[in-house]
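Peer 1:
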Amino acid sequence: MERISNIFLNKPKHVGIVCFFIFFIIISIPIIYTYEKRNSLEYEEFRHHLGMAAYALSFSVNPNLHKIVEDEQNASSDNYQKVTAPLFDFFALYREVYDIYTVVERDGKKYYVLDVANAQNAIAKDPIASPAKIMKELVETDNSDNWFELVESGKVYVNKDFETDNYGTFLSAIAPVYDENQTFIAAIGIDVSIEKYQEIMQKTRNIFILTIIMAAMISILMSIIVIALINYVKLVYYRFQKVSNSDRLTGVYNRFVFIDIFTREINRVQRNKDNLYLIFLDIDNFKGFNDKYGHSVGDDIIIFTAKKIVNTVRKIDIVSRYGGDEFLISICGASDEFIKDIIDRVMNQKYDFVYAVNKNGIEEKLVVNFSVGYTKYKDGDTFETMLERADRGLYISKDFGKHRATFVEK
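This is the structure:
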């Protein structure tokens with residue numbers, strides 16, 4: 001859980017990218033489903049209307065004339081013109097239909113009887129609009145659908161898949177034709193261009209693309225909002241962490257956080273064999289400042305002292321207000337000479353540590369001095385043992401006149 005929270009706080013852009021894909025998938029799934037469902041419904045509705053058109057057309061065929069034409073086998077006869085006249089009228093009603101034909105089965109073979117094409121759509125290299133050859137055998141490459149048997153049983157057959165020939169891409173529907181005795185005499189089929197259907201689907205596709213683009217834009221916006229929220233939470237988190245980890249008066253680490261950090265430093269130096277120092281610093285005569293000038297001035301001196309210590313040590317060093325006017329400093333990876341130099345700079349640059357107090361309109365300068373006790377890590381040490389030695393060093397400094405530093409090794 002902590003690892004996840006760290007990823008959220010430390011890599012908001014990565015989280016934003018992941019959120020974009022999550023939002024996009026969540027938003028896109030119903031869009032894609034609706035688009036596919038609409039396509040399916042549009043296609044089925046197209047097939048349904050096509051089947052109804054073929055069924056309506058079956059009533060336009062005169063069964064008696066159809067039988068005569070079948071026997072005459074003359075596409076130029078008056079009977080052929082009469083029986084096909086209603087079919088040409090059908091072209092005027094349904095301009096998408098470009099081919100109408102009837103099929104009969106004799107001796108296990110299928111033959112075209114009527115075969116007329118819409119002249120406006122006859123764009124083939126060898127259009128069937130020219131005089132048809134009656135009883136031309138229908139050669140099927142695939143009869144897996146058994147469409148003729150289906151139509152002969154009284155049902156309307158509509159292709160499931162588009163077909164392409166010299167006229168273009170089309171869908172076929174075939175319906176039964178009956179005589180006055182309700183006897184099946186032929187199957188009538190129509191080939192319908194899918195151009196209009198494609199136009200409708202193109203509009204649907206355009207809407208789908210625009211919707212997906214909008215989904216992407218919404219996902220981007222939501223991801224930006226997520227990143228902004230993470231940054232806001234991150235800011236609040238670090239502010240809260242800083243407040244909870246810091247001393248409210250000075251802004252340096254409080255004693256509890258310092259102890260935790262210092263304990264981890266001890267564990268680290270045990271592995272790395274590095275130097276680790278603990279410095280215990282106390283403001284000299286602090287009670288006198290408080291008694292003479294009031295607690296607000298005492299607070300100012302504490303704040304002033306914390307800033308001066310922080311500005312003197314390295315950025316990697318840890319400074320803490322241990323309590324009252326006492327401060328702890330943790331310095332790791334430094335030499336004995338460096339530690340002495342740091343302590344000397346903290347203690348002896350008096351002018352840098354002068355604090356002006358205005359009392360009753362008179363400016364006074366307070367020289368803030370320190371007493372220091374410090375120690376160095378040795379095998380087996382804990383925070384408590386090192387603090388005890390540094391504390392002894394501090395009291396030795398106090399007992400020997402203050403404003404001095406004492407190193408305690410054991």
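Each residue of the sequence shown is one higher than the last, beginning at 1 in UniProt numbering. Here a beta-carbon is modelled for each residue, glycine too, at the ideal position from N, C-alpha and C. If you're wondering where the values come from, they're calculated on a predicted model, not measured in any experiment.
1. Rounded to whole angstroms, what's the CA-CA distance from M135 to I213? Just pull it up for me.
2. Just how far apart, CA to CA, sit R404 and V226?
3. With a threshold of 8 Å, are at least 3 pairs of Cβ atoms found where one atom belongs to the region 269-289 and the other to the region 321-328?
4. When DSSP labels each residue in this structure, what does R106 get in the three-state scheme?
5. What is the C-beta distance between Y374 and I343, in whole angstroms, given that I count them as a contact (C-beta under 8 Å)?
6. By the DSSP assignment, the beta strand (DSSP E) with T375 in it spans what residues?
7. Which partner residues of residue 411 appear in the DSSP bridge assignment?
8. At a cut of 8 Å, does the region 145-157 reach the region 25-38 through at least three beta carbon pairs?
9. With distances taken from CA atoms, which of A175, A306, K402 is nearest M52?
10. Are the region 14-31 and the region 191-206 in contact at 8 Å, needing three or more beta carbon pairs?
11. With H, G and I counted as helix, E and B as strand and the rest as coil, what does DSSP make of E163?
12. Quick one: what does DSSP say R47 is sitting in, helix, strand or coil?
13. Would you kindly report the start and end of the unbroken alpha helix (DSSP H) that includes F256?
14. My assumption, with CB atoms under 8 Å, is that V113 sits in contact with V158. Please give the rounded CB distance.
15. Would you call the region 68-85 and the region 161-172 touching, i.e. three or more CB-CB distances under 8 Å?
16. Is DSSP giving P131 helix, strand or coil here?
17. For A54, which of helix, strand or coil comes out of DSSP?
18. Taking DSSP's pairing of strands, which residues face E137 in a bridge?
19. If you draw a straight line from the alpha carbon of S40 to that of L93, how long is it in whole angstroms?
20. Counting along the chain, where does the alpha helix (DSSP H) carrying D344 start and finish?
21. Please look up how many angstroms separate the CB atoms of V116 and F162, rounded, as I've assumed it's under 8 Å.
22. Suppose the cutoff is 8 Å on Cβ atoms and the five residues either side in sequence are ignored; what does the same chain contact list for V310 look like?
23. Taking the CB atoms as reference points, tell me whether residue 460 and K398 lie closer together than 8 Å.
24. Who are L171's beta bridge partners in DSSP?
25. On the DSSP bridge assignment, give the partners of Y321 in chain order.
26. So, helix, strand or coil for P12, using DSSP?
27. Going by DSSP, name the residue or residues bridged to A186.
28. Let me confirm a value: R321 is counted as buried when at least 16 other C-beta atoms fall within 10 Å, else exposed. Which label applies?
29. Given a cut-off of 8 Å on the beta-carbon distance, is the pair D247 and N254 in contact?
30. Quick one: measure Cβ to Cβ for L65 and K82, integer angstroms, because I've assumed they're closer than 8 Å.
31. Under the rule that 16 or more other beta-carbon atoms within 10 Å means buried, what is G393, buried or exposed?
32. Determine which residues share a DSSP beta bridge with residue 467 and list them.
33. According to DSSP, simplified to helix, strand and coil, what is D99?
34. By Cβ distance below 8 Å, which residues in the same chain neighbour E204 in space, the five residues on each side in sequence not counted?
35. Measure the C-alpha to C-alpha separation of R106 and V97 and round it to an integer number of angstroms.
36. Suppose you measure from the CA of L138 to the CA of G108; what does that come to, to the nearest Å?
Peer 2: Reading it off the structure:
1. Looking up residue 135 in the sequence shown gives position 135. Looking up residue 213 in the sequence shown gives position 213. So the two alpha carbons sit approximately 55 Å from each other.
2. Here residue 404 refers to the residue found at position 404 when the sequence shown is read from its first residue. Here residue 226 refers to the residue found at position 226 when the sequence shown is read from its first residue. When rounded, the distance between both Cα atoms is 55 Å.
3. yes
4. Counting from one through the sequence shown, the residue named residue 106 turns up at place 106. Of the three classes helix, strand and coil, the one that applies to R106 here is strand, per DSSP.
5. The count along the sequence shown starts at 1 and reaches residue 374 at position 374. The count along the sequence shown starts at 1 and reaches residue 343 at position 343. Contact flag correct, Cβ pair sits at about 7 Å.
6. One-based indexing of the sequence shown puts residue 375 at position 375. Note, T375: beta strand (DSSP E), 370-376.
7. Within the shown structure, residues of the chain are numbered from 1 to 410, placing residue 411 beyond reach of any answer.
8. no
9. Position 52 of the sequence shown, counted from the start, is the residue given in the question as residue 52. Residue A175 is the option with its Cα nearest to M52.
10. no
11. Working through the sequence shown from its first residue, we reach residue 163 at position 163. In this structure, E163 counts as strand in the three-state DSSP scheme.
12. Reading the sequence shown from its first residue, position 47 is the one you call residue 47. Here R47 sits in helix by DSSP.
13. If you number the sequence shown from 1, residue 256 lands on position 256. From DSSP, the alpha helix (DSSP H) with F256 extends over 255-272.
14. Here the question's residue 113 lines up with position 113 in the sequence shown. Here the question's residue 158 lines up with position 158 in the sequence shown. Rounded, the Cβ-Cβ distance is 21 Å, inconsistent with contact.
15. no
16. In the sequence shown, the residue the question calls residue 131 occupies position 131. Confidence is the limiting factor: at P131 the pLDDT is only 48, short of 50, which leaves the residue's position unreliable, though a coordinate-based value still follows. Coil.
17. Numbered from its first residue, the sequence shown carries residue 54 at position 54. DSSP places A54 in helix when its eight states are reduced to three.
18. Position 137 of the sequence shown, counted from the start, is the residue given in the question as residue 137. Looking at the DSSP assignment, E137 forms a beta bridge with Y111.
19. On the sequence shown, residue 40 is found 40 positions in, with the first residue counted as 1. On the sequence shown, residue 93 is found 93 positions in, with the first residue counted as 1. Those two C-alpha atoms are separated by around 26 Å.
20. By one-based count along the sequence shown, residue 344 stands at place 344. 336-348 is the extent of the alpha helix (DSSP H) around D344.
21. Counting from 1 along the sequence shown, the entry for residue 116 is found at position 116. Counting from 1 along the sequence shown, the entry for residue 162 is found at position 162. The Cβ separation is near 22 Å, so there is no contact.
22. Residue 310 sits at position 310 when you count from the first residue of the sequence shown. Cβ neighbours of V310 beyond the five flanking positions: V252, V319.
23. Here the chain comprises residues numbered 1 to 410, so residue 460 is not present and cannot be evaluated.
24. By 1-based counting over the sequence shown, the position of residue 171 is 171. For L171, which the question treats as bridged, DSSP gives the partners V192.
25. On the sequence shown, residue 321 is found 321 positions in, with the first residue counted as 1. At residue 321 the sequence reads Arg, which differs from the Tyr that was named. The partner list for R321 (beta bridge, DSSP) reads N254, F327.
26. Locating residue 12 in the sequence shown gives position 12, where the first residue counts as 1. It is helical.
27. Here residue 186 refers to the residue found at position 186 when the sequence shown is read from its first residue. Answer is V177, bridged to A186.
28. Taking the sequence shown and counting its residues from 1, one reaches residue 321 at position 321. Buried, since its Cβ has 16 or more Cβ neighbours within 10 Å.
29. Residue numbering aside, residue 247 sits at position 247 when the sequence shown is read from its first letter. Residue numbering aside, residue 254 sits at position 254 when the sequence shown is read from its first letter. Taking 8 Å as the Cβ cut-off, D247 and N254 qualify as a contacting pair.
30. Numbered from its first residue, the sequence shown carries residue 65 at position 65. Numbered from its first residue, the sequence shown carries residue 82 at position 82. Contact flag correct, Cβ pair sits at about 6 Å.
31. Looking up residue 393 in the sequence shown gives position 393. Buried is the call here.
32. Examination of residue 467 is not possible in this model, given that the chain is present from 1 through 410 alone.
33. Here residue 99 is taken as the residue at index 99 of the sequence shown, counted from 1. In the structure shown, D99 sits in a strand (DSSP, three-state: E or B).
34. One-based indexing of the sequence shown puts residue 204 at position 204. The sequence shown places Thr at residue 204, not Glu. Excluding sequence neighbours, T204 sits near Y35, R38, N39, E42.
35. In the sequence shown, residue 106 corresponds to position 106, counting from 1. In the sequence shown, residue 97 corresponds to position 97, counting from 1. Going by the C-alpha atoms only, they are around 27 Å apart.
36. Position 138 of the sequence shown, counting from 1, holds the residue named residue 138. Position 108 of the sequence shown, counting from 1, holds the residue named residue 108. When rounded, the distance between both Cα atoms is 11 Å.
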